[in-house]
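Note that the UniProt record's numbering numbers the sequence shown so that position 60 is 61, with each residue one more than the last.
Note that beta-carbon positions come from the ideal geometry of N, C-alpha and C, so glycine has one too.
Let me begin by presenting the structure, written as structure tokens, before commenting on it.
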Amino acid sequence: AHQWRGVIREYADRLDVSEATPVITLGEGGTPLIPADALSKRTGAQVWVKYEGMNPTGSFKDRGMTMAISKAVEHGAKAVICASTGNTSASAAAYATHAGITAAVLVPEGKIAMGKLSQAIAHNAELLQVQGNFDDCLDIARDLAKNYPVHLVNSVNPDRIEGQKTAAYEVVEVLEDAPDFHFIPVGNAGNYTAYHRGYREELDRGIAKTLPRMFGFQAAGSAPLVLGAPVRNPETIASAIRIGNPASWDLALAARDDSDGYFGAISDEHILLAHRILSAEVGIFVEPASAISVAGLLERAEAGAIPKGSRVVLTVTGHGLKDPQWALRTADGADITPTVVPVDTAAIADVLGLVAAP
Ligand code: F0G
Numbered sequence: 002a003h004q005w006r007g008v009i010r011e012y013a014d015r016l017d018v019s020e021a022t023p024v025i026t027l028g029e030g031g032t033p034l035i036p037a038d039a040l041s042k043r044t045g046a047q048v049w050v051k052y053e054g055m056n057p058t059g060s061f062k063d064r065g066m067t068m069a070i071s072k073a074v075e076h077g078a079k080a081v082i083c084a085s086t087g088n089t090s091a092s093a094a095a096y097a098t099h100a101g102i103t104a105a106v107l108v109p110e111g112k113i114a115m116g117k118l119s120q121a122i123a124h125n126a127e128l129l130q131v132q133g134n135f136d137d138c139l140d141i142a143r144d145l146a147k148n149y150p151v152h153l154v155n156s157v158n159p160d161r162i163e164g165q166k167t168a169a170y171e172v173v174e175v176l177e178d179a180p181d182f183h184f185i186p187v188g189n190a191g192n193y194t195a196y197h198r199g200y201r202e203e204l205d206r207g208i209a210k211t212l213p214r215m216f217g218f219q220a221a222g223s224a225p226l227v228l229g230a231p232v233r234n235p236e237t238i239a240s241a242i243r244i245g246n247p248a249s250w251d252l253a254l255a256a257r258d259d260s261d262g263y264f265g266a267i268s269d270e271h272i273l274l275a276h277r278i279l280s281a282e283v284g285i286f287v288e289p290a291s292a293i294s295v296a297g298l299l300e301r302a303e304a305g306a307i308p309k310g311s312r313v314v315l316t317v318t319g320h321g322l323k324d325p326q327w328a329l330r331t332a333d334g335a336d337i338t339p340t341v342v343p344v345d346t347a348a349i350a351d352v353l354g355l356v357a358a359p
């Protein structure tokens, strides 16, 4: 019987790999594209969700990391380094340990979700909490890679973007064309760049007939691409995309221009509202940064920017279990505590509002 072989083996003819490349894989990619009727009803568009939380370490980073670590090992690297808001560190740690090499990761002190910190440590990363923000961590990681024998696996490494573009191939395969719009969270803008590249290749090969308009969203307190200038002290509850100076800035602008795309900013309040809609109405659990795709669609539909019947794909980038606390509070910020009941069927039926069958 067959199982999905990971993105390098599935797409070997379309990636920069050769017989000499060792394939370091945990079976990433092949994630579900889920029709989201509740979102279609709310917007009048036809909406699908690309659920990247279903990757081996729970985020889209694995598509790029299988490439980055395989190429690093091909080039003889014994250690890799990255800066991270959490997901990249978890992915780098898992793939490096699978390959038998070391991962050093720099994260902003106290600013990454518990699930991600726990993953990186579980996978043997040399994890350091830097007394600064993500942008400081990336500056140092680049410095270290330039001057010491460590291989950089952030998305400034082109192998990362190459691996991540495979998600667009999968969307085109399922829909048998590209969608009209693609909505996606933006931090460093590497993934925005990667999807555009994947779709552009599908159009140029004649597999797709359209190039989707790439709609990227940043948190309002952390929206340099919307403001047109770096943000010195980015703030948002969506810790994964708390980034003030996106590494793929120029590539992202080129992708936006090529696709007649858009960058928008969303408040934390609307991110959390979208998080609740996605989990309570669609049945998909994500971390807050991922919910910004949903918030972006609702905002653009409300603004009249999405014609009825448009085919829309939303990428949700990371699994809800990485940062689960957000479901346990109401829209007004009150804690949700499940009701406690005695060991008593009748009492529980009563609390559930059930009436015994006659
Ligand atoms: N969504 C999630 C869940 C992420 O972890 C990230 C980036 C993004 C979206 C944005 O992707 O940077 O390509 O625009 N996380 C990086 C990290 C920064 O370190 O895990 P991008």
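Proximity test, residue i beta-carbon vs the ligand F0G heavy atom, cut-off 7 angstroms
| i | result |
| --- | --- |
| Ala328 | no |
| Glu20 | no |
| Pro186 | yes |
| Ser223 | no |
| Glu75 | no |
| Ser71 | no |
| Lys79 | no |
| Glu110 | no |
| Ala242 | It is worth fixing the name first, because residue 242 is Ile in this sequence and not Ala. Within the cutoff, so yes. |
| Thr98 | no |
Rounded straight-line distance, which links the Cα of residue j to that of residue i
| i | j | result |
| --- | --- | --- |
| Val352 | Val287 | 30 angstroms |
| Phe135 | Ile244 | 6 angstroms |
| Ala253 | Asn192 | 9 angstroms |
| Gly45 | Pro308 | 8 angstroms |
| Ile349 | Val342 | 7 angstroms |
| Ala2 | Glu171 | 21 angstroms |
| Ala306 | Leu212 | 17 angstroms |
| Ala121 | Glu282 | 32 angstroms |
Cβ-based burial, residue i [other Cβ within 10 Å; buried from 16]
| i | result |
| --- | --- |
| Arg257 | buried |
| His320 | buried |
| Thr26 | buried |
| Glu174 | exposed |
| Thr331 | exposed |
Residues that DSSP places opposite residue i in a beta bridge
| i | result |
| --- | --- |
| Pro225 | Bridge partners of Pro225: none, in fact. |
| Tyr263 | Phe216 |
| Val106 | Cys83, Leu128 |
| Tyr52 | Val317 |
| Pro186 | Phe218 |
| Asp336 | Arg330 |
| His152 | Val81 |
| residue 395 | With the chain represented from 2 up to 359, any question about residue 395 goes unanswered, as that position is not in the structure. |
| Val287 | His320 |
Same chain, Cβ closer than 8 angstroms to residue i, five either side skipped, listed in chain order
| i | result |
| --- | --- |
| Glu11 | Trp5, Gly30, Gly31, Thr167 |
| Glu203 | Ala169, Tyr170, Val173, Ala179, Ala209 |
Own chain partners of residue i with C-beta closer than 6 angstroms, once the 5 adjacent residues on each side are dropped
| i | result |
| --- | --- |
| Leu329 | Ile337 |
| Arg214 | Phe182, Ser260, Asp261, Gly262 |
| Asp269 | Thr237, Ile238 |
| Pro36 | Trp49 |
| Ala73 | Val81, His152 |
| Gly224 | Note on residue identity: the sequence assigns Ala, not Gly, to residue 224. Only Ala266 meet the Cβ criterion. |
| Leu40 | Val48 |
| Met115 | none |
Other residues of its chain near residue i: CB distance less than 7 angstroms, five sequence neighbours each side excluded
| i | result |
| --- | --- |
| Arg233 | Gly245 |
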